[in-house]
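These notes concern the structure reproduced below.
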Amino acid sequence: MIFTTNKVSNAYWKVSIDNPPINLFDTDFSRQLMVLMDEMEANENLQVVVFETANPDFFVAHVELLHANDFPKGTGKTGLSIAWPDIAKRIEQAPFVSIASIRGRARGLGSEFIQAFDIRFASKEKAFFAQPEIGIGAFPGGGGLERLHLLTGKARALEIILSGDDYNAGLAAQYGWVNRAIPDAELDGFTDRFAARIASFDKQAIASVKAIMNRNATLPVNEHIMDTQTQFFAALQWKEARERIKMLFEKGLQQNSDVELNLGKYL
Amino acid sequence: MIFTTNKVSNAYWKVSIDNPPINLFDTDFSRQLMVLMDEMEANENLQVVVFETANPDFFVAHVELLHANDFPKGTGKTGLSIAWPDIAKRIEQAPFVSIASIRGRARGLGSEFIQAFDIRFASKEKAFFAQPEIGIGAFPGGGGLERLHLLTGKARALEIILSGDDYNAGLAAQYGWVNRAIPDAELDGFTDRFAARIASFDKQAIASVKAIMNRNATLPVNEHIMDTQTQFFAALQWKEARERIKMLFEKGLQQNSDVELNLGKYL
Amino acid sequence: MIFTTNKVSNAYWKVSIDNPPINLFDTDFSRQLMVLMDEMEANENLQVVVFETANPDFFVAHVELLHANDFPKGTGKTGLSIAWPDIAKRIEQAPFVSIASIRGRARGLGSEFIQAFDIRFASKEKAFFAQPEIGIGAFPGGGGLERLHLLTGKARALEIILSGDDYNAGLAAQYGWVNRAIPDAELDGFTDRFAARIASFDKQAIASVKAIMNRNATLPVNEHIMDTQTQFFAALQWKEARERIKMLFEKGLQQNSDVELNLGKYL
Numbered sequence: 001m002i003f004t005t006n007k008v009s010n011a012y013w014k015v016s017i018d019n020p021p022i023n024l025f026d027t028d029f030s031r032q033l034m035v036l037m038d039e040m041e042a043n044e045n046l047q048v049v050v051f052e053t054a055n056p057d058f059f060v061a062h063v064e065l066l067h068a069n070d071f072p073k074g075t076g077k078t079g080l081s082i083a084w085p086d087i088a089k090r091i092e093q094a095p096f097v098s099i100a101s102i103r104g105r106a107r108g109l110g111s112e113f114i115q116a117f118d119i120r121f122a123s124k125e126k127a128f129f130a131q132p133e134i135g136i137g138a139f140p141g142g143g144g145l146e147r148l149h150l151l152t153g154k155a156r157a158l159e160i161i162l163s164g165d166d167y168n169a170g171l172a173a174q175y176g177w178v179n180r181a182i183p184d185a186e187l188d189g190f191t192d193r194f195a196a197r198i199a200s201f202d203k204q205a206i207a208s209v210k211a212i213m214n215r216n217a218t219l220p221v222n223e224h225i226m227d228t229q230t231q232f233f234a235a236l237q238w239k240e241a242r243e244r245i246k247m248l249f250e251k252g253l254q255q256n257s258d259v260e261l262n263l264g265k266y267l
Numbered sequence: 001m002i003f004t005t006n007k008v009s010n011a012y013w014k015v016s017i018d019n020p021p022i023n024l025f026d027t028d029f030s031r032q033l034m035v036l037m038d039e040m041e042a043n044e045n046l047q048v049v050v051f052e053t054a055n056p057d058f059f060v061a062h063v064e065l066l067h068a069n070d071f072p073k074g075t076g077k078t079g080l081s082i083a084w085p086d087i088a089k090r091i092e093q094a095p096f097v098s099i100a101s102i103r104g105r106a107r108g109l110g111s112e113f114i115q116a117f118d119i120r121f122a123s124k125e126k127a128f129f130a131q132p133e134i135g136i137g138a139f140p141g142g143g144g145l146e147r148l149h150l151l152t153g154k155a156r157a158l159e160i161i162l163s164g165d166d167y168n169a170g171l172a173a174q175y176g177w178v179n180r181a182i183p184d185a186e187l188d189g190f191t192d193r194f195a196a197r198i199a200s201f202d203k204q205a206i207a208s209v210k211a212i213m214n215r216n217a218t219l220p221v222n223e224h225i226m227d228t229q230t231q232f233f234a235a236l237q238w239k240e241a242r243e244r245i246k247m248l249f250e251k252g253l254q255q256n257s258d259v260e261l262n263l264g265k266y267l
Numbered sequence: 001m002i003f004t005t006n007k008v009s010n011a012y013w014k015v016s017i018d019n020p021p022i023n024l025f026d027t028d029f030s031r032q033l034m035v036l037m038d039e040m041e042a043n044e045n046l047q048v049v050v051f052e053t054a055n056p057d058f059f060v061a062h063v064e065l066l067h068a069n070d071f072p073k074g075t076g077k078t079g080l081s082i083a084w085p086d087i088a089k090r091i092e093q094a095p096f097v098s099i100a101s102i103r104g105r106a107r108g109l110g111s112e113f114i115q116a117f118d119i120r121f122a123s124k125e126k127a128f129f130a131q132p133e134i135g136i137g138a139f140p141g142g143g144g145l146e147r148l149h150l151l152t153g154k155a156r157a158l159e160i161i162l163s164g165d166d167y168n169a170g171l172a173a174q175y176g177w178v179n180r181a182i183p184d185a186e187l188d189g190f191t192d193r194f195a196a197r198i199a200s201f202d203k204q205a206i207a208s209v210k211a212i213m214n215r216n217a218t219l220p221v222n223e224h225i226m227d228t229q230t231q232f233f234a235a236l237q238w239k240e241a242r243e244r245i246k247m248l249f250e251k252g253l254q255q256n257s258d259v260e261l262n263l264g265k266y267l
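Protein chains in written order, with full-length UniProt numbering: chain G, 1 to 267; chain Z, 1 to 267; chain R, 1 to 267.
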């Protein structure tokens with residue numbers, strides 16, 4: 001089980017992510033997340049869910065690259081591909097509040113994973129963020145090009161995506177990538193109090209806030225998300241990309257290695 | 001008189017808000033604001049207006065809840081309801097510059113009041129902000145769901161609205177809720193110099209800046225504002241909301257009380 | 001030669017701006033920039049270009065006002081006026097990455113010049129920014145009313161444009177006007193490593209990032225840019241503007257003077 005759900009109350013769930021060794025977003029992650037999403041949507045009392053990591057070094061490392069063809073195929077209820085874009089849209093549209101409490105690395109699809117949440121809190125000392133795809137000769141394919149600029153503005157999104165470098169939580173908060181950077185010792189308590197507070201409010205009012213905000217605010221366009229994902233999978237087949245990926249695997253990619261701890265330096 | 005206008009010059013007016021005990025946005029506030037708005041629009045020399053509070057603890061506490069049905073009804077010249085949305089749009093569209101110089105609490109409709117201004121300066125030590133409606137089982141109905149995310153981005157607007165909690169001026173400035181947090185001892189001097197500077201410029205150029213910016217930038221949609229306000233008044237009638245409001249009144253709501261000073265804790 | 005190009009590599013060019021005494025954006029600047037733009041677009045290997053200044057006090061001071069009628073006339077390949085709006089759009093749409101490394105003053109058209117770049121890094125101690133047009137009885141005419149609010153939000157753009165005042169790099173970074181403020185001693189090294197890193201990546205991936213982002217993000221509207229420019233040139237003929245400009249020239253405008261170093265104080 002990659003996702004362990006702690007039902008703090010009927011209204012407040014905590015989900016812990018544990019996919020050793022580095023919390024890769026692999027095909028199992030994808031399939032189990034679909035089951036969890038169905039379960040959350042089916043629960044009429046759920047008001048707030050917090051996602052956290054069991055691995056303090058990695059929140060979600062990135063997409064698993066060796067078996068990219070094995071991700072589930074097809075179209076979900078949102079009209080988007082079920083592998084991830086459909087789940088991202090369902091998190092956005094859900095009547096409950098989604099919070100990412102981030103410790104460790106959230107890079108590539110890991111960064112795009114948290115961008116789909118309503119709210120992001122990050123450990124000031126232990127959370128790191130990147131969109132490293134440019135370093136493998138590609139570009140963000142899981143929503144980073146559709147959602148990151150809505151958080152940070154276009155100029156800072158271009159800086160992040162074109163550098164592919166690691167960003168600490170302080171800079172991520174300054175840029176709007178996350179809501180706040182919180183001292184690591186306080187993160188769990190802060191997030192827990194924040195979520196419990198929301199769980200104490202009226203479910204109908206929470207659902208109204210999300211529905212009205214989703215009507216008013218600029219949201220990613222479905223056609224953009226799907227076109228970019230298609231371009232991303234094509235880019236992974238470029239000669240340049242295949243060579244860069246091969247070299248990174250030789251250095252320790254997808255293992256609990258210095259490459260994964262400090263990916264920004266290796267690109 | 002809730003609003004006292006100090007005409008520093010023909011081009012620069014200062015308006016002090018004084019509606020004891022806690023500067024509630026009540027029916028008198030609404031009616032007198034309509035008169036003041038007419039007066040400002042009618043004045044051809046006015047270039048800049050600063051709103052400040054006579055009460056250092058409260059800028060505008062929030063909407064008055066016991067007589068919500070007595071607010072003026074009808075449609076204003078903008079096509080929006082006259083109770084407040086029409087005034088907010090007229091402030092936005094005015095050829096003069098509106099500045100809120102904020103000391104004390106600006107919660108709920110008080111927060112939405114300042115969101116309608118062009119520019120917001122806040123006392124670093126003494127200004128506090130909240131959209132506390134979720135705590136009474138409702139949601140922002142006076143523009144907060146239409147304007148706040150344009151200032152802070154969607155993620156931080158959701159955090160603010162879903163928590164209903166109090167935010168100090170430093171965090172409000174970091175989020176973009178206000179332009180700047182300024183040390184309390186410097187706030188009045190800073191705002192006065194800023195406004196006097198604008199008053200020294202050419203009225204036609206100022207009006208052009210506002211007109212062009214209003215054409216270029218994303219503005220709240222009239223239909224969204226009206227639909228949300230309608231939903232808000234309906235939500236106040238929900239059983240959950242009526243019970244929460246009743247409980248808060250028993251603790252001291254709408255009085256100069258610890259509840260009003262520290263509303264975030266009581267929700 | 002106002003622009004000296006140092007081809008660090010085929011993929012990475014550095015352009016130094018030198019137009020004594022204060023790097024005015026004059027007719028020569030405009031014509032030579034058009035030639036440079038053609039050269040950059042024609043080069044198939046170029047991935048990243050950094051613009052910096054040879055004059056530590058001035059990045060680009062502002063537009064030259066005495067010969068405003070002599071700027072090149074006509075429409076460029078983007079459908080925009082060639083004097084500057086066409087170049088700005090071509091920088092935005094280029095398949096290579098444009099970075100401004102800013103030291104000294106970037107005011108008016110100098111500020112609008114850097115707003116057209118993808119990414120902006122500024123010297124924390126030595127970079128200063130302003131849209132001072134209100135001080136000459138006009139308003140930004142070279143894109144400032146179309147691009148600045150996309151970086152800073154509407155409220156802070158209005159503050160900047162309506163005050164006409166000088167902003168240091170720290171506040172500019174807080175507002176999003178620049179990506180980051182970097183200690184002056186580190187700026188050159190930081191920008192160089194950042195650009196060299198981008199130059200090490202795959203050109204096709206970089207071009208895809210820019211193309212997709214330009215499709216997804218909010219961009220300035222051509223019609224708005226042209227209409228504002230037309231209004232700007234008309235405003236320069238207003239009596240109020242002509243008098244304000246005349247007074248500033250008498251104090252030392254367009255010379256290496258205290259007026260140009262501290263323009264905000266003189267407006």
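Glycine included, every Cβ here is placed at the ideal spot set by N, Cα and C.
Residue i: contacting residues in chain A (beta-carbon distance under 8 Å)
{"i": "residue 215 of chain G", "result": "In the displayed structure, chain A is absent; the protein chains listed are G, Z and R."}
Burial state of residue i, where buried means 16 or more other Cβ atoms lie within 10 Å
{"i": "residue 48 of chain R", "result": "buried"}
{"i": "residue 79 of chain R", "result": "exposed"}
{"i": "residue 159 of chain Z", "result": "buried"}
{"i": "residue 42 of chain R", "result": "exposed"}
{"i": "residue 233 of chain Z", "result": "exposed"}
{"i": "residue 115 of chain R", "result": "buried"}
{"i": "residue 4 of chain R", "result": "exposed"}
{"i": "residue 153 of chain R", "result": "buried"}
{"i": "residue 86 of chain G", "result": "buried"}
{"i": "residue 66 of chain G", "result": "exposed"}
{"i": "residue 213 of chain G", "result": "buried"}
Length of the line joining the Cα atoms of residue i and residue j
{"i": "residue 240 of chain Z", "j": "residue 200 of chain R", "result": "59 Å"}
{"i": "residue 27 of chain G", "j": "residue 2 of chain G", "result": "11 Å"}
{"i": "residue 145 of chain Z", "j": "residue 13 of chain R", "result": "46 Å"}
{"i": "residue 181 of chain G", "j": "residue 197 of chain G", "result": "19 Å"}
{"i": "residue 21 of chain Z", "j": "residue 55 of chain G", "result": "52 Å"}
{"i": "residue 8 of chain Z", "j": "residue 194 of chain R", "result": "51 Å"}
{"i": "residue 166 of chain G", "j": "residue 111 of chain R", "result": "29 Å"}
{"i": "residue 39 of chain G", "j": "residue 84 of chain G", "result": "16 Å"}
{"i": "residue 187 of chain Z", "j": "residue 170 of chain Z", "result": "14 Å"}
Coil, strand or helix - residue i by DSSP
{"i": "residue 178 of chain G", "result": "coil"}
{"i": "residue 92 of chain R", "result": "helix"}
{"i": "residue 195 of chain R", "result": "helix"}
{"i": "residue 125 of chain Z", "result": "strand"}
{"i": "residue 208 of chain G", "result": "helix"}
{"i": "residue 146 of chain G", "result": "helix"}
{"i": "residue 257 of chain G", "result": "coil"}
{"i": "residue 77 of chain Z", "result": "coil"}
{"i": "residue 230 of chain Z", "result": "helix"}
{"i": "residue 25 of chain Z", "result": "strand"}
{"i": "residue 15 of chain Z", "result": "strand"}
Test item: CB-CB of residue i and residue j under 8 Å
{"i": "residue 123 of chain R", "j": "residue 57 of chain R", "result": "no"}
{"i": "residue 107 of chain G", "j": "residue 132 of chain G", "result": "yes"}
{"i": "residue 59 of chain R", "j": "residue 105 of chain R", "result": "yes"}
{"i": "residue 190 of chain Z", "j": "residue 96 of chain Z", "result": "no"}
{"i": "residue 179 of chain Z", "j": "residue 91 of chain Z", "result": "no"}
{"i": "residue 260 of chain Z", "j": "residue 130 of chain Z", "result": "no"}
{"i": "residue 63 of chain G", "j": "residue 109 of chain G", "result": "yes"}
Top-ranked residue by Cα proximity to residue i, from the options
{"i": "residue 218 of chain Z", "options": "Z:246, Z:188 and Z:150", "result": "Z:150"}
{"i": "residue 168 of chain R", "options": "R:126, R:213, R:98 and R:72", "result": "R:126"}
{"i": "residue 103 of chain R", "options": "R:67, R:250 and R:172", "result": "R:172"}
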